[in-house]
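Undergrad: Pasting a structure here, questions to come.
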Amino acid sequence: MAQKKLLLGDEALALGALHAGLSGVYAYPGTPSTEITEFIQGYPLTKERGVHCAWSVNEKTAMEEALGMSFAGKRTLVCMKHVGMNVCADPFMGSAVTGANGGLVVAACDDPSMHSSQNEQDSRFWGTFALVPVFEPSSQQEAYEMMRSAFEYSERRGIPVLMRLTTRLSHSRAAVACVDDAEAVPQNTLRLPANERQWCTLPVNARVRYKQLIKDYAQFEEDAVASPFNRLQDGPDKSLGIIACGIGYNYLMENYPDGCPHPVLKISQYPFPKELIHKLASMCDRILVLEEGQPLLEERMHGVFGSDVQVLGRLDGSLPRTGELSPDCVREALGLPAPDLYPASEVLAPRPPALCKGCGHRDLFTALNAVMKKDYPQGRAFSDIGCYTLGWLPPFEAIQTCVEMGASITMAQGAAFSGLWPAVAVIGDSTFTHSGMTGLLDAVNEKADVTICISDNLTTGMTGGQDSAGTGRLEAICEALGVEPAHIRTFVPLPANYPEMERIIREEIEYHGVSVIISRRECLQTLRRHAKK
Amino acid sequence: MKQDIILAGVGGQGILSIATVIGSAALEQGLYIKQAEVHGMSQRGGDVQSHLRLSTDPIYSDLIPHGGADLVVSLEPMEALRYLPYLSKDGWIVTSSVPFQNIPNYPDLDRVLGALRALPRTIVLDVEATAKQVNSARSANMVLLGAASAVMGLLDPDKLRDGIRRIFARKGDAIVEANIKAFDAGLLLSQKDR
């Protein structure tokens, strides 16, 4: 390797993709995955080679665009946070049936402990669900190297590869040995699939292909047994065997600076290499399973009837049932002595995140509260995913719900039909184009009695200010979807405009149909950045 | 030889610039490094921390174990206390004394500073005043880094100065010099304080 670079796990993955001959990345921003696409956008080779790197409207469109690129024979990467997998589940499941032509890698970054997410989801489940292989790097170096292997594997076996990262690897830096840009793999040329038939999933084709996929999955398992990323290492102390998946391996080794005395199976490529697991089980009476996320393997090892081997992990309480792993909880599970610690300080207060001082979302919430709390205390505000979800916290307490991208408009509609009034929705501009537009069309078609506030800060704010797909066209989009022009209102959220803002909100609540209020002022974070340029 | 450092502060205060300078110096010195950062929601005025690990040997975990940190470097006094369970019994705390009060229930400042001074190895500095004194008002974080470098065994202050030059080079000579001056002022102050 020619050089060393200090890279986040996300960036190492991105550079690995570029050096493996990437032709396009397709993604929607989401913590902790955003830096993959941002790195590709800023890297010189991207421009030189004309690599596609513009943000997609959502994860579903991203996955489909990438699938089209794979159809055309080129190497492509799709990136998202774990919940993005739910949004692109349809094309992702479909891609297992069509298979891949050009290498297709789907990077899903999970967020155990919910540092910046609404749930914990282990994306490895998608591998067994869709019957696709999963790669799970344990280090930044592995993330870099695995991208090349993943593209090669995807093309050799004609199947998408799911690359699973978690927050700690995505957002941790290490020195990564990498090749020079000049040594990057050349990009593929346009090459149509040899097996074009399986790309049209009519039942007549899909039935044939599904049977083949199940056969292929057995091959993927053999490949996992032989994979250099999966390794069974022996140890003298056979009272315990350890299976360490992904970065679980690091927490294990952290606790044994002089080497682990127990036999260890390190897993970074799935399906689970059963043969290696059996081998480990035949050596030891007890097995500790370290998985960053949900107890996927542990549950399978227990099975329905249990087995002769005692399995320790998240289900028996050896490890916490929720949250990410840490060197500390792994130490405890290994039964190693605790170090002498300072107790937690008593002079501490929690410091939750808050909306920036002067942020436009604040002014919208202030005006909305002035109207709702005073005149319509029976009403509710359904909200969505973004910085403005912080409006649930004091001092605003202006919204009552947040579920997933786009749910504000549709939930308000369901509640309005049930007799709740006023039913208000608060959604950001990027979330609106991601998954709110279709719900708005439903509301228009049903003439729902809802008041929708789009808090437009001209960017995707929470993830650090990426382009927002509908900037400058929100009124046109709402009008095209059928909202009456007289009930598309806009204002600038500023304290000086409170009287006007409150009047408009009140008027639109009193209108018994679909109204959209666009509260528009640029995000302070991007404004500051633009001012510097 | 290893050095495990927790960098602490409030989202937006600039702990990542400190981490970037240390990372650059460590890479230049041929050390192994891992640096776990906080991105996303917490950056909006919440508590943030970075686990920075340096070693002459390969490093496995991206996170520092409890009781393992040789050093807690904090841009905010209460935030320094938040990571006490991470601090080794022989570890140092180097922190700014200036509170960042963006929450309604911020504890009494004297109690915060008292709890810090009750610990055996603590350096508490008004990094903002020091930065102003040397006409580098916007480089308070480099004052803190300078102060911490006095107890940072693995990294040479000269290597850190080189790191500052590399990281701030594209912002021009004036900014580089302001940051170096801030760093030196911090180093001097903490040498006196010890």
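The listed protein sequences correspond, in order, to chains S and L. Residue numbering for the first sequence follows the working numbering, beginning at 93 and increasing consecutively. Residue numbering for the second sequence follows the working numbering, beginning at 712 and increasing consecutively. Where a beta carbon is used, it is the ideal one built from N, C-alpha and C, also for glycine.
Could I get the ranges of all uninterrupted alpha helix (DSSP H) runs contained in the region 223–298 of chain S, with 4 residues as the minimum, in chain order?
TA: 232–249 and 259–262
Undergrad: Taking 8 Å as the threshold (C-beta atoms), are Ala-276 of chain S and Leu-426 of chain S in contact?
TA: Locating residue 426 of chain S in the first sequence gives position 334, counting from the first residue. Locating residue 276 of chain S in the first sequence gives position 184, counting from the first residue. Between Leu-426 of chain S and Ala-276 of chain S, the CB-CB gap reaches or exceeds 8 Å.
Undergrad: Going along the region 813–825 of chain L in order, which residues come within less than 9 Å of chain S, judged by CB to CB distance?
TA: Asn-813, Ile-814, Pro-815, Asn-816, Tyr-817, Pro-818, Asp-819, Arg-822, Val-823 and Gly-825
Undergrad: What are the partner residues of Ala-719 of chain L, as DSSP defines its beta bridges?
TA: Within the second sequence, residue 719 of chain L is the residue found at index 8, counting from 1. Ala-719 of chain L is bridged to L:Gln-760 and L:Ser-785.
Undergrad: Give the residues of chain L in contact with Arg-289 of chain S, contact being defined as C-beta atoms less than 7 Å apart.
TA: For this step, residue 289 of chain S is matched to residue 197 along the first sequence. The contacting residues do not exist; Arg-289 of chain S stays about 43 Å from chain L at best.
Undergrad: What residue range is occupied by the uninterrupted beta strand (DSSP E) comprising Ser-611 of chain S?
TA: As a first step, residue 611 of chain S is located in the first sequence; it is residue number 519 there, counting from the start. That run of the beta strand (DSSP E) goes 607–612.
Undergrad: Are the beta-carbon atoms of Gly-101 of chain S and Gln-232 of chain S separated by less than 8 Å?
TA: Residue numbering aside, residue 101 of chain S sits at position 9 when the first sequence is read from its first letter. Residue numbering aside, residue 232 of chain S sits at position 140 when the first sequence is read from its first letter. Less than 8 Å divides the Cβ of Gly-101 of chain S from the Cβ of Gln-232 of chain S.
Undergrad: Could you tell me the distance, in whole angstroms, from the CA atom of Cys-615 of chain S to the CA atom of Met-712 of chain L?
TA: Taking the first residue of the first sequence as 1, we reach residue 615 of chain S at position 523. Taking the first residue of the second sequence as 1, we reach residue 712 of chain L at position 1. Near 45 Å, if we compare the C-alpha coordinates of Met-712 of chain L and Cys-615 of chain S.
Undergrad: Could you give the distance in angstroms between the alpha-carbon of Arg-378 of chain S and the alpha-carbon of Pro-412 of chain S?
TA: As a position in the first sequence, residue 378 of chain S is number 286, starting the count at 1. As a position in the first sequence, residue 412 of chain S is number 320, starting the count at 1. Their Cα atoms are separated by approximately 18 Å.
Undergrad: Do you know offhand how far Glu-599 of chain S's Cα is from Cys-545 of chain S's?
TA: Translated into positions along the first sequence, residue 599 of chain S becomes position 507. Translated into positions along the first sequence, residue 545 of chain S becomes position 453. Computed Cα separation, rounded: 13 Å.
Undergrad: Does DSSP put His-333 of chain S in a helix, in a strand, or in coil?
TA: The count along the first sequence starts at 1 and reaches residue 333 of chain S at position 241. According to the sequence displayed, residue 333 of chain S carries Gly and not His. DSSP places Gly-333 of chain S in strand when its eight states are reduced to three.
Undergrad: Pull up the distance between the alpha-carbon of Trp-513 of chain S and that of Gln-505 of chain S, whole angstroms please.
TA: Position 421 of the first sequence holds residue 513 of chain S. Position 413 of the first sequence holds residue 505 of chain S. Approximately 10 Å between the Cα atoms of the pair.
Undergrad: In chain order, what are the residue ranges of uninterrupted alpha helix (DSSP H) at least 4 long that sit wholly in the region 107–191 of chain S?
TA: 126–134, 136–141, 151–163, 176–179 and 181–190
Undergrad: What separation, rounded to the nearest whole angstrom, lies between the Cα atoms of Ile-875 of chain L and Asp-895 of chain L?
TA: For the purposes of this step, residue 875 of chain L is taken as residue 164 along the second sequence, with counting starting at 1. For the purposes of this step, residue 895 of chain L is taken as residue 184 along the second sequence, with counting starting at 1. For Ile-875 of chain L and Asp-895 of chain L, the distance between alpha carbons rounds to 12 Å.
Undergrad: With H, G and I counted as helix, E and B as strand and the rest as coil, what does DSSP make of Trp-803 of chain L?
TA: Position 92 of the second sequence holds residue 803 of chain L. Strand.
Undergrad: Relative to the alpha-carbon of Leu-99 of chain S, which residue among L:Ala-893, L:Thr-731 and L:Asp-715 has its alpha-carbon at the smallest distance?
TA: Stepping through the first sequence from its first residue, residue 99 of chain S is reached at position 7. Closest option to Leu-99 of chain S, Cα to Cα, is L:Thr-731.
Undergrad: So which residues of chain L does Asn-342 of chain S contact, with C-beta pairs closer than 8 Å?
TA: Sequence index remark: in the first sequence, residue 342 of chain S carries index 250 (1-based). Result: Tyr-771, Ser-772 and Asp-773.
Undergrad: Around the Cβ of His-263 of chain S, are there at least 16 other Cβ atoms within 10 angstroms (buried) or fewer (exposed)?
TA: Working through the first sequence from its first residue, we reach residue 263 of chain S at position 171. Residue environment for His-263 of chain S: buried (at least 16 other C-beta atoms within 10 angstroms of its C-beta).
Undergrad: Considering only residues of the same chain and omitting the five flanking positions on each side of Arg-612 of chain S, which have a CB-CB separation below 7 Å?
TA: One-based indexing of the first sequence puts residue 612 of chain S at position 520. Excluding sequence neighbours, Arg-612 of chain S sits near Asp-548, Thr-582 and Val-584.
Undergrad: Please name the residues in the region 94–128 of chain S whose beta-carbon is closer than 8 Å to at least one beta-carbon of chain L, in chain order.
TA: Lys-96, Leu-98, Leu-100, Thr-123, Pro-124, Thr-126 and Glu-127
Undergrad: Just the chain S side, please: which residues come within less than 7 Å of Ala-747 of chain L by C-beta, in chain order?
TA: Here residue 747 of chain L refers to the residue found at position 36 of the second sequence. In chain order: Arg-260, His-263 and Ser-264.
Undergrad: Taking 8 Å as the threshold (beta carbon to beta carbon), is Asp-715 of chain L in contact with chain S?
TA: Here residue 715 of chain L refers to the residue found at position 4 when the second sequence is read from its first residue. For Asp-715 of chain L, the answer is no, since every Cβ of chain S falls outside 8 Å of its Cβ.
Undergrad: Can at least three beta-carbon pairs, one atom from the region 849–857 of chain L and one from the region 718–732 of chain L, be found at a separation below 8 Å?
TA: Yes: at least three Cβ pairs fall under 8 Å.
Undergrad: Please confirm if Pro-810 of chain L has its CB atom under 8 Å from at least one CB of chain S.
TA: Translated into positions along the second sequence, residue 810 of chain L becomes position 99. Chain S, which has no Cβ nearer than 8 Å to the Cβ of Pro-810 of chain L, makes this no.
Undergrad: In whole angstroms, give me the CA-to-CA distance for Ala-517 of chain S and Asp-541 of chain S.
TA: Start at 1 with the first residue of the first sequence, and residue 517 of chain S comes out as number 425. Start at 1 with the first residue of the first sequence, and residue 541 of chain S comes out as number 449. Near 11 Å, if we compare the C-alpha coordinates of Asp-541 of chain S and Ala-517 of chain S.
Undergrad: Rounded C-beta distance between Lys-152 of chain S and Pro-121 of chain S? I'm assuming under 8 Å.
TA: Walking along the first sequence from the start, residue 152 of chain S turns up at place 60. Walking along the first sequence from the start, residue 121 of chain S turns up at place 29. Contact doesn't hold; Cβ gap of about 15 Å is too wide.
Undergrad: Assuming Ile-501 of chain S and Ile-477 of chain S are in contact, meaning their beta carbons sit under 8 Å apart, how far apart are those beta carbons, in whole angstroms?
TA: Reading the first sequence from its first residue, position 409 is the one you call residue 501 of chain S. Reading the first sequence from its first residue, position 385 is the one you call residue 477 of chain S. Not quite, the Cβ-Cβ distance comes to about 13 Å (not below 8 Å), so this is no contact.
Undergrad: Against Leu-795 of chain L, what residues of chain S qualify as contacts under a CB-to-CB distance less than 8 Å, listed in chain order?
TA: By 1-based counting over the second sequence, the position of residue 795 of chain L is 84. Per Cβ cutoff of 8 Å: Tyr-434, Pro-435, Ala-436 and Ser-437.
Undergrad: I'd like to know whether the C-beta atoms of Ser-475 of chain S and Cys-494 of chain S end up nearer to each other than 8 Å.
TA: Counted from its first residue, the first sequence places residue 475 of chain S at position 383. Counted from its first residue, the first sequence places residue 494 of chain S at position 402. Their beta carbons are under 8 Å apart, which means Ser-475 of chain S touches Cys-494 of chain S by this criterion.
Undergrad: Less than 8 Å between the CB atoms is what I'm expecting for Asn-461 of chain S and Ala-490 of chain S, so what's the real figure, rounded?
TA: Reading the first sequence from its first residue, position 369 is the one you call residue 461 of chain S. Reading the first sequence from its first residue, position 398 is the one you call residue 490 of chain S. That pair is a contact at about 5 Å.
Undergrad: Just checking, does the region 249–259 of chain S make contact with the region 179–198 of chain S on the three C-beta pairs under 8 Å criterion?
TA: Because the criterion of three Cβ pairs below 8 Å is met, the region 249–259 of chain S and the region 179–198 of chain S touch.
Undergrad: Restricting to runs no shorter than 3 residues, where is the beta strand (DSSP E) found entirely within the region 334–388 of chain S?
TA: Unbroken beta strand (DSSP E) stretches of 3 residues or longer found wholly inside the region 334–388 of chain S: 356–359 and 378–382, given in chain order.
Undergrad: What residue range is occupied by the uninterrupted alpha helix (DSSP H) comprising Phe-321 of chain S?
TA: The residue labelled residue 321 of chain S in the question sits at position 229 within the first sequence. That residue, Phe-321 of chain S, is in no alpha helix (DSSP H); it is neither H nor E in DSSP.
Undergrad: So Ala-764 of chain L and Ile-775 of chain L are in contact, right, with Cβ under 8 Å, and what is the actual spacing, rounded?
TA: Position 53 of the second sequence holds residue 764 of chain L. Position 64 of the second sequence holds residue 775 of chain L. Going by the sequence as given, residue 764 of chain L is Arg instead of Ala. Yes, Arg-764 of chain L and Ile-775 of chain L are in contact; Cβ-Cβ is about 6 Å, under 8 Å.
Undergrad: Which residues in chain S have a C-beta closer than 7 Å to the C-beta of Lys-800 of chain L? List them in chain order.
TA: The residue labelled residue 800 of chain L in the question sits at position 89 within the second sequence. Near Lys-800 of chain L (Cβ distances below 7 Å), the residues of chain S are Asp-432.
Undergrad: Using only the alpha-carbon positions, how far apart do Lys-303 of chain S and Glu-391 of chain S sit?
TA: Here residue 303 of chain S refers to the residue found at position 211 when the first sequence is read from its first residue. Here residue 391 of chain S refers to the residue found at position 299 when the first sequence is read from its first residue. Their backbone Cα atoms lie some 26 Å apart in a straight line.
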